[in-house]
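Protein chains in written order, with the working numbering: chain A, 7 to 339; chain B, 7 to 339.
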């Protein structure tokens, strides 16, 4: 009951202003329980205690390349995150940053710890190794008074939480299989996300994918007819379900198909949880996402649901690192 | 992270020893993180700090009608719950009691409050009005140092939690539709549960169903060929999702089919969550339970997952009333 009460709007910042960051801004605009007050990109940041306008912000970012050029609210800065965090009051940040390089999210967390800022951080990172890096910061985050929720997008995130709920029917979990379908009309709207996906392909890694030019990405997608098909991906759903005590990480598999030329999903995103009941029966629960829900809705929606839950934890003095498999996200109105 | 640590087995009691209570005892037996130390029925109770044996307990209950007759561990008592709670050390209780009459669960909660016992209570009740009665005890539970998690079975419980997770993709929830299929080989194994189901039928209420003799139940089931088909049931999923801020209760519907003569489910239990995304699309997420999972697995599994989560809350000093839609259940090994 009490955990769920929000008395005044939560002041929210978004770090990173690519496809996800922009979707986050649009998603927040109509909310009453949250107010979008800040965002940062590589060259600058914007802040307005009364709320930023997503249309103006997105237009400025598209036209001039940084939120730092935003009239009145913008500040150009080569240390945009640090300057924003130090100078302005924000309750929680959604880290809508591509985790490229793979140490980036942990580096940002260290910046927050160092800054003395106390609040809630939520990320939508993907890789197991990235969560492992954050685990090393558990004590520092706690001591700093930061409540950090990791893996709070779609997968890991929404699907991991659904798996954690579903697991309750079983005495032992045999497998958790996540299969995602993503359809996007135009890959250039999600340049960083697509590079993160390419990094999972067999002949690529994070560094080679990150360093690809747009032309190289285009050429690769021409070869695959716009399709990126992925199997046995390094995805943090595995470590998150292991940390939640549900099953060893090697029982969790993640794969999917991304169609970069068609907003229609190539398959319905789903997670299948197979286990043995206390009565000795083997069975499978299935959670399937509606095809009309986009990656943006399935990533940003949960992220803010976890941010709201994180604020409730923080207000009770509960700090440190948590994953999406441990905490029930709270619906944001 | 920290929330999930269990250093010594949780001492668990089960109140009520009908079909659900017996299933709970069997489910707990192989667990390392929990130890089944106590159970009570109307005529007595059993307690053993080193753990009770489910086979012996169930045999004694069947043969003699009460756990109070259990050799060494049993005590006959007309105030079995009160005596058990007052005299023995138990960390948390699963209230596997039929809520007949409809005030029964709240009355039991009041008994716990009055007793001075501090610990975790979990119920698997079904009706909205029963949760409303517990809501009135919120402050008393908190003051008494009791962490009470309500609606923690299958529906409400597992399916409500899945709906709460699924809702995160949407800006607004249009409907949550729960449809359950239950197949049981022999209704007499779940005499109280079946009466709770009959109470939802159009010509019955809680009192008339409760007062039915076994012969009357049999005669009714002969007329329906063993099928109980239910629509628009009064089910607490609605108030739980409303309290969690997800949607008004009138957007939540619950119905289902119980086959009392066939262990095979007449349909696959599922919850469909329909909403509008921030991008204006309408879509439906679906969570479907594997047909091989029984009512017992889907009720008792979640109940103990919530009990473990409740212990973590209690250890942090968080007391009062919570629902299955607010808290992530924790997997019990």
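Backbone N, C-alpha and C fix where the C-beta goes; we use that ideal spot for every residue, glycine too.
- For residue 163(A) against residue 130(A), the beta-carbon gap comes to about 6 angstroms, under 8 angstroms, which counts as contact.
- Closest in alpha carbon position to residue 27(A), among 206(A), 45(A), 98(A), is 45(A).
- In terms of Cα proximity to residue 85(A), the closest of 48(A), 78(A), 277(A) is 48(A).
- Listed in chain order, the non-local C-beta contacts of residue 158(B) below 7 angstroms within the same chain comprise 128, 129, 130, 308, 309, 312, 330, local neighbours out to five positions each way being set aside.
- Annotation: the continuous alpha helix (DSSP H) that includes residue 316(B) extends over 301-321.
- In this chain, the beta strand (DSSP E) harbouring residue 180(B) covers 178-189.
- Remark: fewer than three beta-carbon pairs, one from each stretch, lie closer than 8 angstroms, so the region 173-190 of chain B and the region 319-330 of chain B are not flagged as touching.
- Every beta strand (DSSP E) stretch that sits fully inside the region 219-258 of chain B and reaches 3 residues is listed by chain position as 233-236.
- Only residues of its own chain outside the window of five on either side were considered, and among them 184, 277 have a CB closer than 6 angstroms to the CB of residue 165(A), listed in chain order.
- Boundaries around residue 147(A) are those of the alpha helix (DSSP H), 144-150, since no beta strand (DSSP E) includes it.
- At a cut-off of 8 angstroms, the C-beta of residue 287(A) has a neighbouring C-beta in chain B.
- Taking C-beta separations shorter than 7 angstroms and ignoring five residues to either side along the sequence, the partners of residue 54(A) in its chain run 43, 79, following chain order.
- Here residue 121(B) is near residue 92(B), since their CB atoms are less than 8 angstroms apart.
- Using a Cβ distance threshold of 8 angstroms, residue 74(B) and residue 81(B) count as a contacting pair.
- Taking 7 angstroms as the cut-off between beta carbons, none of the residues of the region 207-222 of chain B comes near chain A.
- The DSSP assignment places complete beta strand (DSSP E) segments of no fewer than 3 residues inside the region 57-96 of chain B at 80-82, in order along the chain.
- A direct Cα-Cα distance of roughly 10 angstroms separates residue 256(A) from residue 180(A).
- According to the DSSP assignment, residue 278(A) belongs to the beta strand (DSSP E) that extends over 276-282.
- Residue state for residue 217(B) is assigned as coil, using DSSP reduced to three classes.
- Residue pairing by DSSP puts residue 155(B) in a beta bridge opposite 128(B), 328(B).
- Here residue 274(A) is exposed: its Cβ has fewer than 16 other Cβ atoms, across all protein chains shown, within 10 Å.
- Residue pairing by DSSP leaves residue 25(B) without any beta bridge partner.
- By the Cβ neighbour-count rule, residue 39(A) is buried, with 16 or more other Cβ atoms within 10 Å of its own.
- Cα atoms of residue 297(B) and residue 234(B): separation of roughly 18 angstroms, rounded to the nearest angstrom.
- Considering only beta carbons, the part of the region 169-184 of chain A lying closer than 9 angstroms to chain B consists of 170, 171, 172, 173, 174, 175, 176, 177, 178, 179, in chain order.
- Checking the DSSP bridge columns, you'll see residue 118(B) has no partner listed.
- For residue 63(B), not one C-beta of chain A is nearer than 8 angstroms to its own C-beta.
- Exclusion of the five residues before and after residue 123(B) leaves 91 as the residues of its chain whose Cβ lies within less than 6 angstroms of its Cβ.
- Residue 164(A) belongs to the set of residues whose beta carbon lies under 8 angstroms from a beta carbon in chain B.
- Within the region 295-309 of chain B, those residues whose Cβ lies closer than 8 angstroms to any Cβ of chain A are, in chain order, 295, 296, 297, 298, 299, 300, 302, 303, 304, 306, 307, 308.
- Our two residues, residue 336(A) and residue 315(A), have alpha carbons roughly 5 angstroms apart in a direct line.
- In the three-state reduction of the DSSP assignment, residue 205(B) falls in the coil class, being assigned neither a helical nor a strand state.
- Under the DSSP assignment, residue 101(B) falls in the beta strand (DSSP E) whose first and last residues are 98-101.
- Sequence-distant Cβ neighbours of residue 267(A) in its own chain, meaning closer than 7 angstroms and more than five residues away, are 232.
- Judged by DSSP in its simplified three-state form, residue 37(A) adopts coil rather than helix or strand.
- Only residues of its own chain outside the window of five on either side were considered, and among them 44, 45, 73, 74, 81, 83, 86, 89, 90 have a CB closer than 7 angstroms to the CB of residue 51(B), listed in chain order.
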